[in-house]
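K.L.:
Just dropping this structure here.
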Amino acid sequence: MERELMTSGFDFREVEIEETKLKSFNKDSRTFRSFRVYDGGYAGIQYIQDNISEEEGYRRAEENLKLKRPYGFALETGTRHRDKTEREYSDRELMDIARETVEYLKTHFPDFIFTGSVSVNKAIRAIRNSCGLDCSNTDSSLNVGIGFKHKDSKDIDDGWFSIGQRDFSFKKFTDMADNYLTNFTNKVELPEELIIQTQYYWYLEKLTECLDAENLALGTSLLSGRTGEKIFADSFTLSHDVSDKETWFTPFFDGEGVIRPDDRQVFIENGVFISGYADKRTAEKYNAPHTGSANFGMTDVPGNGYVNLRIKRSDKTVKELLDGRLTVVPIVAAGGGFNDKGEFVTPVQTAMLCDGERFIGRLPEFAIKSNMFDMFGKGFIGVGSDDPVFNDKQILVKMDYSK
132 MERELMTSGF
142 DFREVEIEET
152 KLKSFNKDSR
162 TFRSFRVYDG
172 GYAGIQYIQD
182 NISEEEGYRR
192 AEENLKLKRP
202 YGFALETGTR
212 HRDKTEREYS
222 DRELMDIARE
232 TVEYLKTHFP
242 DFIFTGSVSV
252 NKAIRAIRNS
262 CGLDCSNTDS
272 SLNVGIGFKH
282 KDSKDIDDGW
292 FSIGQRDFSF
302 KKFTDMADNY
312 LTNFTNKVEL
322 PEELIIQTQY
332 YWYLEKLTEC
342 LDAENLALGT
352 SLLSGRTGEK
362 IFADSFTLSH
372 DVSDKETWFT
382 PFFDGEGVIR
392 PDDRQVFIEN
402 GVFISGYADK
412 RTAEKYNAPH
422 TGSANFGMTD
432 VPGNGYVNLR
442 IKRSDKTVKE
452 LLDGRLTVVP
462 IVAAGGGFND
472 KGEFVTPVQT
482 AMLCDGERFI
492 GRLPEFAIKS
502 NMFDMFGKGF
512 IGVGSDDPVF
522 NDKQILVKMD
532 YSK
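In terms of my numbering, the sequence shown opens at residue 132 and continues consecutively.
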């Protein structure tokens, strides 16, 4: 009988901001554990939030073998520990940064009302078993998230910006605040050519669904039967990436303890569809490539779904990719998304015109539309090598729009 223990924990501290004033200081620290025993092709699992001994946790898990959860796969081995923490923050330091944040916003932008928070989050994910597996991933960051509303606005709020850093630079925060707020009341018109500049995670939602190996095998994916085809732009390469540079609070191992070579798994390369993602069960059931994509379900055996998708960056900066063109940066875009055909439509309530780095002015409301194949095909310009506007990677993509 083999044993395995998965642990997930966090230490969260937050200073809330309301009406441009410090409101409260909150703390929350929790640890969750999933005890597992494996015997005869079945798994017994006990999910625990209480502080009990490992002996008791495994005893309860063994009792749950009677539930007959099938799991007939060999457990992983190997040892690796990664701690990406760069700086620790005391409660006093967190409060000082929060006060400095409010004072800066109040002094430099008195025509706005601000809500939000300044927080520190430290999280750990670990897995070990009786076969020799022992892995852990720790990460920590300080985050400032600010919602803003102009005093003359009739909306509940006008927008939101946030920045997270492992070693917090107050200047990077003030640069972001200046960029978002300085020209916010300057009204401008939409350019003829709409180039969206934004963080791309939301735009990968449909593609993530399509890359699920089960959906591919059942024919319900828009990519079913198209393995090896050139589908997207030459410059579009998509990978599961949990390397140090591309990872925030994301373990380098999956829910079964699998570690990929070089911490990456390529699904689309230079526009060519290579494969979908699969955990051990999905790979065996559909004769698909195993990509180490088991999720971190704590109450049941792992299922498919752990991917940290990243688009390969260009060698050019955002401004170099634009070559003198302007972009549109959505600030508030709610109420749309993808349909089953991969078509994408969403209204944009608040957006800014941008030169790739600095905001020029606020745009009228409009709606953007495209589809998954155009977004990453003929409309795909690239992902810049630098991190302007968001202090994070961002996509440039041509879309259609209606006013």
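Every residue, glycine too, gets a C-beta built ideally from N, C-alpha and C.
1) Give the DSSP-derived three-state secondary structure of Y189 in the structure shown.
2) Exposed or buried, R256, counting other C-beta atoms within 10 Å across all chains shown (16 or more means buried)?
3) If you follow the alpha helix (DSSP H) that C341 is in, where does it begin and where does it stop?
4) According to DSSP, Y408 sits in a beta bridge with which residue or residues?
5) Please report the residue range of the beta strand (DSSP E) in which L153 lies.
6) Identify every run of the alpha helix (DSSP H) within the region 203-254, keeping only runs that are complete inside it and at least 4 residues long; order them along the chain.
7) What's the C-alpha gap between L136 and P433?
8) To test your reading of the DSSP string, which unbroken beta strand (DSSP E) runs of 3 or more residues are found completely within the region 455-508?
9) When burial is assigned at 16 or more other CB atoms within 10 Å of the CB, is M132 buried or exposed?
10) Any idea if A419 is buried or exposed, counting beta-carbon neighbours within 10 angstroms, 16 or more meaning buried?
11) List the whole-angstrom C-beta distance separating F166 from Y189, where the pair is believed to meet the contact cut-off of C-beta under 8 Å.
12) Exposed or buried, K524, counting other C-beta atoms within 10 Å across all chains shown (16 or more means buried)?
13) Below 9 Å between beta carbons: does that hold for I327 and K529?
14) Kindly give me the distance between the Cβ atoms of A425 and V389, rounded to whole angstroms, as I take these residues to be in contact under 8 Å.
15) Based on the DSSP secondary-structure assignment, which residues constitute the bridge partners of Q328?
16) Start and end of the beta strand (DSSP E) containing D142?
17) Could you say which of Y532, S300, V520, A229 lies nearest to N310 if we only look at CA atoms?
18) Please classify T210 as buried or exposed, where buried requires at least 16 other C-beta atoms within 10 Å of its C-beta.
19) Is DSSP giving W379 helix, strand or coil here?
20) Taking C-beta to C-beta, are M536 and V459 nearer than 9 Å?
P.N.:
Let's see:
1) helix
2) buried
3) 336-341
4) D343
5) 152-170
6) 222-239
7) 13 Å
8) 458-463, 474-479, 481-485, 490-493, 497-502
9) exposed
10) buried
11) 5 Å
12) buried
13) yes
14) 7 Å
15) L527
16) 133-149
17) V520
18) exposed
19) coil
20) Residue 536 lies beyond the stretch modelled for the chain, which goes from 132 to 534, so this question has no answer here.
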